[in-house]
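Student: From first to last, the protein sequence lines are chains A and B.
The numbering used here puts the first residue of the first sequence at 27, with every later residue one more than the last.
The numbering used here puts the first residue of the second sequence at 27, with every later residue one more than the last.
2 protein chains.
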Amino acid sequence: MATEIPSSHHDLLTNATVALSTHSSGGSIQTTAVWVLLDGGTLRMSLAKNRQKYRNLVRDPHATIFALDPQNPYRYLEIRATTTLEPDDDKAFVRKVFTAYGSDIDSMPDLLAEERVIVTFSPDRVIAQ
Amino acid sequence: MATEIPSSHHDLLTNATVALSTHSSGGSIQTTAVWVLLDGGTLRMSLAKNRQKYRNLVRDPHATIFALDPQNPYRYLEIRATTTLEPDDDKAFVRKVFTAYGSDIDSMPDLLAEERVIVTFSPDRVIAQ
């Protein structure tokens, strides 16, 4: 079972909005649009602690990232992962994400004021189509 | 809490590939690309019984549909739903789906030979952004 993210599909995680699914309360699945960063082959994401998906990941670390090629619906990447959370107290990581996406975080004081964590995805299974 | 799919976002479910998330075994979430059909306001999907997602839905009927606007990543639709399954023995429903997507199911004998069900999504929560 593949657990590496093949380089053939790295473009789907680069400067792209992908779907993150987490276990929500009551047995439902929450799916939201997120930015991710592929950092030396490791998939990471920045997350504010006041979000529902943060609470979901604290309760259950399973998460799935799904990226669909907007030009070709038969080409996609599914990453089923176990996540770990670590503080981003100096905001260095969220700054890196925003820079990668061409956004200026210094123009968003509300966002810089939030408590944030770094989410690291350890793939349990990767399906690249 | 909204449980209607707003007409402003019907286009994201029409002739579009969307992400379906279900509870897989071992606590992970499976996300795959699917075609759906909005049928008089009711969201449905065709599914072969030999697929992992069929087994997932038999075990746990919670499912989430996520549709991202390929032109605008800030525009999306999330439908957290409870699903019901019913037989599509005469294949009338899967034929309807393929017709809606401009595909000729009669040229796919393998697909017509599969046992299939109709999945109906009853929204528990709809988020349209």
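Built from N, CA and C at the ideal position, the CB exists for glycine as well.
1) By alpha-carbon positions, which one of B:V120, B:W61, B:I55 and B:L103 ends up nearest to D86 of chain A?
2) Under 8 Å Cβ to Cβ from L83 of chain B, same chain only, skipping five residues before and after it: list those, please.
3) So, are the CB atoms of A93 of chain A and V44 of chain A less than 7 Å apart?
4) List the residues of chain B that A74 of chain A touches, going by C-beta distances under 7 Å, in chain order.
5) With respect to the beta strand (DSSP E) encompassing G138 of chain A, which residues constitute its N-terminal and C-terminal limits?
6) Can you give me, in chain order, the residues of the segment 125-155 of chain A that have a beta carbon less than 7 Å from any beta carbon in chain B?
7) Beta-carbon separation of D116 of chain B and R142 of chain B under 7 Å?
8) Per DSSP, H158 of chain B is paired with what?
9) For S54 of chain A, decide whether its Cβ has a neighbour in chain B, counting only Cβ atoms nearer than 7 Å.
10) According to the neighbour-count rule (16 or more other Cβ atoms, all chains shown, within 10 Å of its Cβ), is T57 of chain A buried or exposed?
11) I think T40 of chain B touches L64 of chain B, with their Cβ atoms under 8 Å apart; what is that distance to the nearest whole Å?
Tutor: Quick answer:
1) For the purposes of this step, residue 86 of chain A is identified with residue 60 of the first sequence, where counting begins at 1. The option with the nearest alpha carbon to D86 of chain A is B:I55.
2) The sequence position of residue 83 of chain B within the second sequence is 57, counting from 1. Counting only Cβ-Cβ distances below 8 Å, and skipping sequence neighbours, we find T48, L73, A89, T109, L111 and V145.
3) Against the first sequence, residue 93 of chain A aligns to sequence position 67. Against the first sequence, residue 44 of chain A aligns to sequence position 18. Closer than 7 Å, so yes.
4) For the purposes of this step, residue 74 of chain A is identified with residue 48 of the first sequence, where counting begins at 1. Near A74 of chain A there are no residues of chain B at all, since even the closest Cβ is about 17 Å away, more than 7 Å.
5) Sequence index remark: in the first sequence, residue 138 of chain A carries index 112 (1-based). The question names Gly, but residue 138 of chain A is Leu in the sequence shown. Element bounds for L138 of chain A: not the beta strand (DSSP E) but the alpha helix (DSSP H), P135 to A139.
6) D150
7) Here residue 116 of chain B refers to the residue found at position 90 when the second sequence is read from its first residue. Here residue 142 of chain B refers to the residue found at position 116 when the second sequence is read from its first residue. No, these two residues do not count as a Cβ contact at 7 Å.
8) Nothing can be reported for residue 158 of chain B, as the shown portion of chain B is limited to 27 through 155.
9) Within the first sequence, numbered from 1, the residue matching residue 54 of chain A stands at position 28. Yes, contact with chain B.
10) Here the question's residue 57 of chain A lines up with position 31 in the first sequence. It is buried - the Cβ of T57 of chain A has at least 16 other Cβ atoms within 10 Å.
11) Within the second sequence, residue 40 of chain B is the residue found at index 14, counting from 1. Within the second sequence, residue 64 of chain B is the residue found at index 38, counting from 1. Yes, they are in contact, since the Cβ atoms of T40 of chain B and L64 of chain B sit about 6 Å apart, within 8 Å.
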